[in-house]
Amino acid sequence: HCKSLNSNLASFSKCQTDILHLYQLQQEAPRPKRMTCPQEMESRPKYYGREFHGRISREYADELLATAEGAYLIRESQRQPGTHTLALRFGHQTLNYRLFYDGKHFVGEKRFESVHDLVTDALITLYIETKAAEYIAKMTTNPIYEHLGYTSLLKDKTVHRLNRGRTEPRRVTFQRDERIASPLVRRTVLKDAPEKQCSYEKMHNFKVHTFRGPHWCEYCANFMWGLIAQGVRCSDCGLNVHKQCSKLVPSDCQPDLRRIKKVFSCDLTTLVKAHNSTRPMVVDMCIQEIELRGMKSEGLYRVSGFSEHIEDVRLAFDRDGDKADISASAYADINIIAGALKLYLRDLPIPVITFELYSKFIQAARIPNADTRLEAIHESLLQLPPAHYETLRYLMAHLKRVTLFEKYNLMNAENLGIVFGPTLMQPPEMNALTTLNDMRLQKLVVQLMIEHEDVLF
Ligand SMILES: [Zn+2]
Ligand SMILES: [Zn+2]
1 HCKSLNSNLA SFSKCQTDIL HLYQLQQEAP RPKRMTCPQE MESRPKYYGR
51 EFHGRISREY ADELLATAEG AYLIRESQRQ PGTHTLALRF GHQTLNYRLF
101 YDGKHFVGEK RFESVHDLVT DALITLYIET KAAEYIAKMT TNPIYEHLGY
151 TSLLKDKTVH RLNRGRTEPR RVTFQRDERI ASPLVRRTVL KDAPEKQCSY
201 EKMHNFKVHT FRGPHWCEYC ANFMWGLIAQ GVRCSDCGLN VHKQCSKLVP
251 SDCQPDLRRI KKVFSCDLTT LVKAHNSTRP MVVDMCIQEI ELRGMKSEGL
301 YRVSGFSEHI EDVRLAFDRD GDKADISASA YADINIIAGA LKLYLRDLPI
351 PVITFELYSK FIQAARIPNA DTRLEAIHES LLQLPPAHYE TLRYLMAHLK
401 RVTLFEKYNL MNAENLGIVF GPTLMQPPEM NALTTLNDMR LQKLVVQLMI
451 EHEDVLF
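Read in the UniProt record's numbering, the sequence shown has 162 at position 162, and its numbers run on one by one without any break.
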């Protein structure tokens, strides 16, 4: 990774000295000096070493540490016996931190294997934040990210992706307000959008990350200092940035297929972006298979297939993606495919009808006047994230067709509503009472969406 990092760095418009500024400061930061206690302390917890001095006073600790920057020791609090304080010399004064241990050592958010590591990191952070406070405050005002844009900054990655035989993503995004203001416009956009083209906005999925070796922020180009947890990494696309920079990065995550390991239980928008499609291929493939050979099957979606076989289909999708074989020769019983589709929808980390909009749909269903109710549902539908809306639209059109075969399959909008209600909608907070109450309304929402599919979508 160092090689590609260097080539990225070379193309930055910022000058080299700027980029190395924080890195050099980290090199200059005082090193930890462990002040050991001459005698063995009986009260010493086993996870501390000789740097533990027992119940000595704050003043005495101050005296012991006065010798050198970076000197540290641990003492037991005199006022609160059993609690421990890390005393650390920095900037010619002694700093005291309440020190905790729960298998790892910590004074704040970061957790360390050893007290020595904790002190190393603290000294780096203190030093950099003292020496470069102004620089850090201004760090994000001139981000390289905006100069170059995500695509060009990560050109190597993009080229790599293209080489794997996929079409270049068209980076057009739906404007949220535009969608709400003019459903008709959005509808046209959706209809005109070429198949297999994804243009959704997606937030990055940042997680605190410990980098090995020096790393530079891909947003502000500055060094990511510290011993551990120096920054955050997007687990979907691999973008590395400072924690403070992560709040400024636009929602332009382009998930890397190599990072999206599974198909099931993967966020809808993430999956769709990673595969550059409009809908998850599980939904497309299952529905196509069912329309091919299952429309007249009695109790379609109500009768369940063998759960081991459904599990099999799930594994096939996770393993083979769109190469998964779900044909009649692999699974003769269409209820297995229907079951896999239901499982896929139920297992989404964010349901098709999102947690955020759940109560909006439920409230809409409560409206007694049929026309107003339908309008309220329509309104709520338009607020769904594009990937969710597209999936729902496709599914409802399919379920509508299923009801046209009611004579054979005995399925109508009402009993499909019972099946798909809890699959597509889950309350943000599960509680037995609301769930029971809401079930009727969930059913109604889905039933209405099937019955009025042509008007609503
Ligand atoms: Zn990302
Ligand atoms: Zn940064």
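By construction, the Cβ of each residue, glycine as well, lies at the ideal position given by its N, Cα and C atoms.
Report the residue from the options whose alpha carbon sits nearest the alpha carbon of residue i.
i, options, result
"Tyr127", "Pro81, Leu88, Asp267 and Lys443", "Leu88"
"Glu298", "Thr36, Trp216, Pro45 and Thr403", "Thr403"
"Gly305", "Met285, Cys286 and Ala338", "Ala338"
"Ala66", "His92, Phe106 and His242", "His92"
"Glu414", "Pro386, Met439, Val446 and Ala365", "Val446"
"Lys33", "Gln24, Asp117 and Phe106", "Asp117"
"Tyr344", "Met35, Glu129 and Val282", "Val282"
"Glu69", "Leu20, His105 and Ala122", "Ala122"
"Tyr72", "Leu384, Tyr145 and Glu63", "Glu63"
"Lys360", "Lys46, Ile350 and Leu381", "Leu381"
"His209", "Gly103, Pro427, Ala332 and Asn240", "Asn240"
"Phe457", "Phe405, Leu436 and Leu374", "Leu374"
"Glu134", "Arg55, Leu22 and Phe90", "Leu22"
"residue 459", "Thr85, Phe90, Gln80 and Pro38", "This structure leaves residue 459 out entirely; the chain is present only between 1 and 457."
"Phe264", "Asn142, His378 and Pro349", "Pro349"
"Pro428", "Lys207, Cys286 and Pro351", "Pro351"
"Asn222", "Gly54, Val455 and Asp18", "Asp18"
Helix, strand or coil for residue i? Go by DSSP, reduced to three states.
i, result
"Gly165", "Since pLDDT at Gly165 reaches only 32, below the 50 mark, its modelled position is unreliable, and the value read off the structure follows with that caveat. Note: Gly165 maps to coil in three-state DSSP."
"Arg373", "helix"
"Leu300", "coil"
"Gln39", "coil"
"Phe457", "coil"
"Glu113", "coil"
"Phe100", "strand"
"Ala221", "coil"
"Ile19", "helix"
"Asn431", "coil"
"Val185", "Summary for Val185: the model assigns pLDDT 32, below 50, so the residue's position carries little reliability, and this model does not support an answer."
"Gln175", "Only weak support is given to the placement of Gln175: the predicted model assigns it a pLDDT of 33, under 50, and the value that follows is read from those uncertain coordinates. Reduced to three states, the DSSP call for Gln175 is coil."
"His215", "coil"
"Ile334", "helix"
"His92", "coil"
"Ser7", "Any reading at Ser7 must be qualified, since the residue scores a pLDDT of 46, below 50, and its modelled position is unreliable; the value itself is stated next. Of the three classes helix, strand and coil, the one that applies to Ser7 here is helix, per DSSP."
"Gly149", "Its pLDDT being 40, under 50, Gly149 is placed unreliably in this model, and the coordinates cannot settle the point."
"Ala229", "coil"
"Phe306", "coil"
"Thr391", "helix"
"Asp69", "Correcting the residue identity first, residue 69 is Glu in this sequence and not Asp. Correct three-state label for Glu69: coil."
"Phe12", "Low confidence applies here, because Phe12 scores a pLDDT of 47, under 50, leaving its location unreliable and the question unanswered by this model."
"Cys234", "strand"
"Arg170", "With a pLDDT of 32 at Arg170, under the threshold of 50, the predicted position of this residue should be treated as unreliable, and no value is reported."
"Phe52", "strand"
"Arg34", "strand"
"Asn409", "helix"
"Ala87", "strand"
"Gln447", "helix"
"Arg79", "coil"
"Asp252", "strand"
"Lys207", "strand"
Would a C-beta distance cut-off of 8 Å place residue i and residue j closer than the cut-off?
i, j, result
"Lys273", "Cys253", "yes"
"Met224", "Trp216", "yes"
"Asp438", "Ile367", "no"
"Cys220", "Thr140", "yes"
"Leu444", "Tyr301", "no"
"Arg293", "Ile326", "no"
"Lys104", "Ala229", "no"
"Thr435", "Lys342", "no"
"Met41", "Glu51", "no"
"Ser235", "Asn205", "yes"
"Glu453", "Met411", "no"
"Asn96", "Thr83", "no"
"Met425", "Ile353", "yes"
"Ile336", "Lys400", "no"
"Ile124", "Leu271", "no"
Please check if any C-beta of chain C sits within less than 8 Å of the C-beta of residue i.
i, result
"Arg319", "Although the question refers to chain C, the structure presented lacks it and comprises just one protein chain."
Taking contact to mean at least 3 C-beta pairs separated by less than 8 Å, is the stretch 313-320 in contact with the stretch 382-393? no
Which residues end up in the neighbourhood of ligand 2 when you take C-beta atoms closer than 7 Å to any of its heavy atoms? Met139, Thr140, Cys217, Tyr219, Cys220, Asn222, Val241, His242, Gln244 and Cys245
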